[in-house]
Amino acid sequence: MEAVFLIGRILFAAMFINSGIAHLTKLTPMSQYAASQKLPAPKLAVALSGLMILAGGLSILLGVAPQAGALLLVLFLIPTAFLMHRFWGVQDPMMAANQMAHFMKNVTLAGAALLIYYFTALHPEAWVLSLGR
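Under our numbering, the residue at position 23 of the sequence shown is numbered 23, and the numbers go up by one with no gaps.
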């Protein structure tokens, strides 16, 4: 079961690590999209959010302070869902469906991160195969 748990952590963390790296290496185009969504200080927001999700993903993957990592992910995912994926304001049905999918993905991943937070608070000893132990 330890291997299953590690594989789950790898799969969960991989998206955040990849996305965090993309935020930092593709800062200009991502900032332009953030600006199009009327996000204030878009370049700073993209850089900070990239660092947040990279740190959160690495924390979950490596098992170092996973509660803090999970909270970083939630603090990124919920505002991002509401600020960047406002499907309810999109007129084009295809674009609205696309934004709704991203919105639901963020909310679902936030739920998973909260489950990780709960799990690590209740049973920290069960967080196996990690550098944090």
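Even glycine gets a Cβ: it sits at the ideal position worked out from N, Cα and C.
Where residue i falls: helix, strand or coil (DSSP)
i, result
"Gly8", "helix"
"Gln67", "helix"
"Gln37", "coil"
"Ser130", "coil"
"Leu74", "Before going on, a small fix: residue 74 reads as Val here, not Leu. Here Val74 sits in helix by DSSP."
"His85", "coil"
"Met1", "coil"
Nearest residue (CA-CA) to residue i, options the options
i, options, result
"Thr108", "Phe87, Leu77, Leu61, Leu83", "Leu77"
"Val128", "Met95, Met100, Leu62, Pro79", "Leu62"
"Ala101", "Gly111, His85, Leu115", "His85"
"Pro79", "Ala97, Asn98, Asn106, Ala55", "Asn106"
"Met104", "Phe119, Ala3, Ala81", "Ala81"
"Leu71", "Lys26, Leu115, Leu11", "Leu115"
"Ala110", "Ser36, Leu27, Leu75", "Leu75"
Whether residue i touches residue j by CB criterion (7 Å)
i, j, result
"Leu73", "Ala113", "yes"
"Ala34", "Ala22", "no"
"Ile60", "Arg9", "yes"
"Gly56", "Gly69", "yes"
"Pro42", "Ser31", "yes"
"Leu131", "Val64", "yes"
Supposed contact pair residue j and residue i - C-beta distance, whole angstroms, cut 8 Å
i, j, result
"Ile17", "Leu58", "6 Å"
"Gln67", "Ala13", "In fact, because the Cβ distance is near 14 Å, the residues do not count as touching under 8 Å."
Segment limits, alpha helix (DSSP H) that includes residue i
i, result
"Pro42", "42–62"
"His102", "93–122"
Interface flag, residue i vs chain C, CB-CB below 7 Å
i, result
"Ile53", "This model lacks chain C altogether; it includes just one protein chain."
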